[in-house]
Amino acid sequence: MLRHYEKAIRNSFNFHGRAPREEFFVLIWSPLMLVFLLVAFPFNEDFVGQLIEKVLVGLVILLLIPIPCATVRRMHDIGSSGWWILVGLVPIIGPILLLGLLLIDSVPLDLPYGPNPKNKYPDVPQEYLRPPGPEPE
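Just so you know, we're using the working numbering here: the sequence shown kicks off at 4 and counts up by one.
Structural data, given as structure tokens:
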């Protein structure tokens, strides 16, 4: 898990390439856990409340670019264009559809967006890694 987090942070501002599900969701869930921890404890003191508010605003500003970058790379990993993240802007159905797209497993082949990040055997020719079935035309 730490390996995926390190790779996600390293590629935070990169729209090119591919991001497997693990890398994407580590980048998404880590800040969410921090937000839940900060919001879970009610603070009556004015100073602490303002400090938590500033930390949350800073976290949102810090993640304005990395999350869309990771989402575009995730779309590339399933073989789709990064422009599909715009479907999340459609009210009600858009975020549900986008979440469904983000949960799809990686395409196990090299794509124009980059090599398969899950390929444990990079020296094996691609034709041996194709799923069984008819040849694509």
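Note that CB positions come from ideal geometry on N, CA and C, so glycine has one too. Note that the coordinates shown come from a computational prediction; the quantities given were computed from them, not determined experimentally.
Point to revise | Backbone CA spacing between Q53 and P115 [nearest angstrom] | key: In the sequence shown, residue 53 corresponds to position 50, counting from 1. In the sequence shown, residue 115 corresponds to position 112, counting from 1. Cα to Cα, Q53 sits roughly 47 Å from P115.
Exercise for review: Flag this pair as yes or no: are the beta carbons of D80 and R6 separated by less than 8 Å?
Suggested key: On the sequence shown, position 77 is the one that residue 80 refers to. On the sequence shown, position 3 is the one that residue 6 refers to. Taking 8 Å as the Cβ cut-off, D80 and R6 do not qualify as a contacting pair.
Practice item. Answer with buried or exposed for A43, where buried requires no fewer than 16 other C-beta atoms within 10 angstroms of its C-beta. Key: Here residue 43 corresponds to residue number 40 of the sequence shown, with the count starting at 1. Looking at its Cβ environment, which holds fewer than 16 other Cβ atoms inside 10 Å, A43 is exposed.
Point to revise | Host alpha helix (DSSP H) of F28 (start-end) | key: Within the sequence shown, numbered from 1, the residue matching residue 28 stands at position 25. Segment 24-43, the alpha helix (DSSP H) holding F28.
Practice item. Just mark S84 as buried or exposed, buried being the case when its beta carbon has 16 or more other beta carbons within 10 Å. Key: Numbered from 1 along the sequence shown, position 81 holds the residue referred to as residue 84. Per the 10 Å Cβ criterion, exposed.
Check your understanding: Below 8 Å between beta carbons: does that hold for C72 and F16?
Key -> Along the sequence shown, read from residue 1 onward, the residue named residue 72 stands at position 69. Along the sequence shown, read from residue 1 onward, the residue named residue 16 stands at position 13. With contacts defined as CB atoms closer than 8 Å, C72 and F16 qualify as a contacting pair.
Exercise for review: Take G82 and list the residues in its own chain whose beta-carbon comes closer than 7 Å to its own, dropping the five residues that flank it on each side.
Suggested key: As a working note, residue 82 is residue 79 in the sequence shown. Cβ neighbours of G82 within its own chain (closer than 7 Å, five residues either side excluded): V110, L114.
Check your understanding: CB I31 to CB L41, shorter than 8 Å?
Key -> Mapped onto the sequence shown, residue 31 falls at position 28. Mapped onto the sequence shown, residue 41 falls at position 38. Their beta carbons are not under 8 Å apart, which means I31 does not touch L41 by this criterion.
Check your understanding: Start and end of the alpha helix (DSSP H) containing P120?
Key -> For the purposes of this step, residue 120 is taken as the residue at position 117 of the sequence shown. It is not in any alpha helix (DSSP H) - P120 carries neither H nor E in the DSSP assignment.
Practice item. Compare the beta carbon distance of P34 and L62 with 8 Å and say whether it is the shorter of the two. Key: Walking along the sequence shown from the start, residue 34 turns up at place 31. Walking along the sequence shown from the start, residue 62 turns up at place 59. Yes, Cβ-Cβ distance for P34 and L62 is below 8 Å.
Practice item. Quick one: measure Cβ to Cβ for R77 and L105, integer angstroms, because I've assumed they're closer than 8 Å. Key: Numbered from 1 along the sequence shown, position 74 holds the residue referred to as residue 77. Numbered from 1 along the sequence shown, position 102 holds the residue referred to as residue 105. Confirmed, about 6 Å.
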